[in-house]
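Going line by line, the protein sequences match chains P and U. Quick note on the numbering used here: the first sequence kicks off at 80 and runs consecutively. Quick note on the numbering used here: the second sequence kicks off at 80 and runs consecutively. Where is the CB? At the ideal position from N, CA and C, for every residue including glycine. Step one of this worksheet: look at the structure below.
2 protein chains.
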Amino acid sequence: MNFESNISLAVDAIVFAYANSKLQVLLIQPKSGPFQNNWALPGGFVKTNEGLKDAVRRELQEETGIQVDYLEQLYTFGDQVDRDPRTRVVSVAYFALVNPKKLVLKADTDAAKAEWFPLDELPQLAYDHNIIIKVAIDRLKSKIQYQPIGFDLLNKEFVFSELEQLYMTILGHDIDRRNFRKKVLGFGILTETGKFRSEGSGRPAKLYRFNVSKYRALESKGFHFEIK
Amino acid sequence: MNFESNISLAVDAIVFAYANSKLQVLLIQPKSGPFQNNWALPGGFVKTNEGLKDAVRRELQEETGIQVDYLEQLYTFGDQVDRDPRTRVVSVAYFALVNPKKLVLKADTDAAKAEWFPLDELPQLAYDHNIIIKVAIDRLKSKIQYQPIGFDLLNKEFVFSELEQLYMTILGHDIDRRNFRKKVLGFGILTETGKFRSEGSGRPAKLYRFNVSKYRALESKGFHFEIK
DNA sequence: TCATTATTGCGTAATATATACACAAAAGTA
DNA sequence: TACTTTTGTGTATATATTACGCAATAATGA
Chain P
80 MNFESNISLA
90 VDAIVFAYAN
100 SKLQVLLIQP
110 KSGPFQNNWA
120 LPGGFVKTNE
130 GLKDAVRREL
140 QEETGIQVDY
150 LEQLYTFGDQ
160 VDRDPRTRVV
170 SVAYFALVNP
180 KKLVLKADTD
190 AAKAEWFPLD
200 ELPQLAYDHN
210 IIIKVAIDRL
220 KSKIQYQPIG
230 FDLLNKEFVF
240 SELEQLYMTI
250 LGHDIDRRNF
260 RKKVLGFGIL
270 TETGKFRSEG
280 SGRPAKLYRF
290 NVSKYRALES
300 KGFHFEIK
Chain U
80 MNFESNISLA
90 VDAIVFAYAN
100 SKLQVLLIQP
110 KSGPFQNNWA
120 LPGGFVKTNE
130 GLKDAVRREL
140 QEETGIQVDY
150 LEQLYTFGDQ
160 VDRDPRTRVV
170 SVAYFALVNP
180 KKLVLKADTD
190 AAKAEWFPLD
200 ELPQLAYDHN
210 IIIKVAIDRL
220 KSKIQYQPIG
230 FDLLNKEFVF
240 SELEQLYMTI
250 LGHDIDRRNF
260 RKKVLGFGIL
270 TETGKFRSEG
280 SGRPAKLYRF
290 NVSKYRALES
300 KGFHFEIK
């Protein structure tokens, strides 16, 4: 059996952040290749002795200096043989979330030019990356409804209106403040910090924290997170 | 940039069928390689100019002679560098369903030895295929709850008790016959054929058919299939 | 052929969940 | 100190889910 392959294996990362009531995607400016005028998802070829997830983490570090808060495999793009005009490349796309602190990109890495783009202002994208982003948005939209991953898009301590805004932005429909609060608090997975935050005018808001261990405990007892 | 790769790309298929109130998985006996004494998932290396899904279909045809009724990408296994003791192999696993007619495997293809195994009687498996199957079961379990893929495991014309049994088997808990029927019929995605089936003793049962176009129409109007 | 057994088909009441909706409290601002 | 902004809270209604028993139809065997 011959193990030589003419297929190159790459990974790409779709990193989402949340700022200004908008979802943001992290893009880089390719230094080389056929798409130097376009922006692209961070990513690159997998090394022979490197796990896929490790490859994503490495590329993200190298190209953007970012360490993500949530990372999961999204989909492997390899049905279209000419995705990359140079050679056959199959790409395993990963889906990542970061909290707002990561929005300021450090320039002190050997990072390529990297920037955040709001979803509704995406530039021309390289390869099939617009399709990949679409798939990632779908995943985010559906997963945020049955897994508590939204908290990874917020600061550790957050205010109810932020959580609510986040869900409205991602799901694309209004949410009743009272019912939302009632439901989420009813889960018993948030801890009051006792602190308040006062942003401009208006009554100061209670700061909450997502309680991972409580969530895990409830989950193992059959609790099922769900927000529609 | 150098495109040579030492990573081989494979596809594997987890094909489920439903028989004797049990889920069955399709396995093959490897002709070569380090696992000739074990059974393995059908699959093989992807050709340079072949889409991933095409590769799965080809391998399934070659190794088992089967054409599946439902096929979707499951997960790409590539975090463990030594999954295959011979060389680095990343495998894109696909998840497939077939109806009961396909349970009789044709011997007239150039198929390797292929057999159906009930999930609770799986033999020793090659590579990390037991893990892959576990992931596939999880997917089936969750997906059958929000997509009408269960019908792909039944004959075109089926009886309510079969559908109910299928769900009980996969979800692993009892279902109230009346509530189940009420709910599913309420969806409006089944068509009565007008025919009946009498299996042994007992009152003959109405034969139904899954109405794909009705489902699509409802879906586009916001209908959301869900069975817990 | 008639009683028995097995399986299907069906409705209603009780409970739980989701939705709709308005006003007071706490801060900043003019 | 009046006005604006934002947060925090409860109740009534509608909807969905669950629990539950009995008659109809066929095969089987005494």
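- The DSSP-derived three-state label of U/Ser221 is helix.
- In this structure U/Ser170 is buried. Its beta-carbon is surrounded by 16 or more other beta-carbon atoms within 10 angstroms.
- In this structure, the beta-carbon distance from U/Ile86 to U/Val104 does not fall below 8 Å.
- Rounded to the nearest whole angstrom, the C-alpha separation of U/Tyr206 and U/Arg165 is 11 Å.
- With a 10 Å radius around the Cβ and a threshold of 16 neighbouring Cβ atoms, P/Pro227 comes out buried.
- For P/Asp148, there are no C-beta contacts with chain U under 7 Å, since the nearest C-beta of that chain is about 19 Å from it.
- Counted as a single uninterrupted DSSP element, the stretch harbouring P/Ile249 is not any beta strand (DSSP E) but the alpha helix (DSSP H) occupying residues Phe239 to Leu250.
- The Cβ of U/Tyr246 sits no closer than 8 Å to any Cβ of chain P.
- With respect to chain P, the C-beta atom of U/Val169 has a partner C-beta closer than 8 Å.
- Listed along chain P are Thr127, each with a C-beta nearer than 7 Å to that of U/Asn85.
- Segment contact: the segment 172-179 of chain P against the segment 142-149 of chain P, three or more CB-CB distances shorter than 8 Å; contact assigned.
- Against U/Gly130, the close residues of chain P are Gly157, Asp158, Gln159 and Val160, in the order they occur along the chain (beta-carbon pairs closer than 8 Å).
- The segment 294-304 of chain P makes no contact with the segment 116-128 of chain U; the number of CB pairs closer than 8 Å stays below 3.
- For U/Gln152, the chain P residues whose Cβ falls inside 7 Å of its Cβ are Tyr154 and Thr155, in order along the chain.
- Between P/Leu88 and U/Leu88, the CB-CB gap stays under 8 Å.
- Assignment of P/Ala205 by DSSP, reduced to helix, strand and coil, places it in the coil class.
- For P/Gly301, there is no enclosing beta strand (DSSP E), as DSSP marks it with neither H nor E.
- Going by C-alpha positions, U/Phe237 is about 18 Å away from U/Asn258.
- Under the DSSP assignment, P/Arg288 falls in the beta strand (DSSP E) whose first and last residues are Ala284 to Phe289.
- Your pair P/Gln224 and P/Ile306 checks out as a contact, with CB atoms roughly 6 Å apart and the cut at 8 Å.
- With 16 or more other Cβ atoms inside 10 Å of its own Cβ, U/Pro109 counts as buried.
- Scanning U/Gly273, U/Gln115, U/Glu278 and U/Gly281 for the CA closest to the CA of U/Tyr287 turns up U/Gly273.
- Distance check between P/Ser100 and each of P/Glu138, P/Phe114 and P/Asp199 places P/Asp199 closest, using alpha-carbon atoms only.
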